[in-house]
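Q:
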Amino acid sequence: MAQLIQRVASWLAQEVAVPLLAKSKPFQAAARASVQGVEKVKDISNTAAEAAAEAAAKSKEAVAQAKRQATAAAVDGEVVEEGPGLFKSISEAIKKDLKRHGKTEEQLAQEAIEENQRISMEFYLKEQQKLNNP
């Protein structure tokens, strides 16, 4: 008996409800808005992914530059007194390590996520500014 009721309900939905909804202007508008919302979220997530990739590339480049500067300084025997190069990178790394001291893995992971979100949002806002102010 339950199968019969289920089949009748399914048939009614397919033959009556679906065609009525397909012809309904408010339902079509809601479906369109839903699709546009999904596309906006997709675009934002793609932008954020690009920002994260760019931040990772910049980070790798900064590390590579610091290594090159350290190698050059070690080979030449020179000491850099100040500037944005090697010692700035080292001091930033030390500050980060000191901030990490005594934190759980979850706290560190949360901080990494927040930092990634911050970088992604900064990149997204810069891109939006470029688009709005060509």
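Heads up, the sequence shown is in the working numbering, so the first residue is 446 and it goes up one at a time.
Even glycine gets a Cβ: it sits at the ideal position worked out from N, Cα and C.
#1: Run the CB neighbour count on Ser565, radius 10 Å, all protein chains shown included, and call it buried at 16 or more, exposed below.
#2: Please return the same chain residues whose Cβ sits closer than 8 Å to the Cβ of Leu466, not counting the five positions on each side in sequence.
#3: Please classify Ala458: is it buried, with 16 or more other beta-carbons within 10 angstroms of its beta-carbon, or exposed?
#4: By Cβ distance, which residues of its chain are closer than 7 Å to Thr492, with the 5 residues on each side in sequence left out?
#5: Identify the continuous alpha helix (DSSP H) that holds Gln574 and give its terminal residues.
#6: Pair every Cβ in the segment 546 to 556 with every Cβ in the segment 477 to 493, then say whether three or more of these pairs are closer than 8 Å.
#7: Straight-line CA distance for Ser504 to Ala557?
#8: Is Asn561 near Ala497, with beta carbons less than 7 Å apart?
#9: For the alpha helix (DSSP H) holding Ala454, just list the boundary residues, first then last.
#10: Out of Arg563, Glu506 and Lys575, point me to the one whose CA is closest to Ala494's CA.
A: Straight from the coordinates:
#1: buried
#2: Phe472
#3: exposed
#4: Tyr569 and Glu572
#5: Glu550 to Asn577
#6: no
#7: 14 Å
#8: yes
#9: Ala447 to Leu457
#10: Arg563
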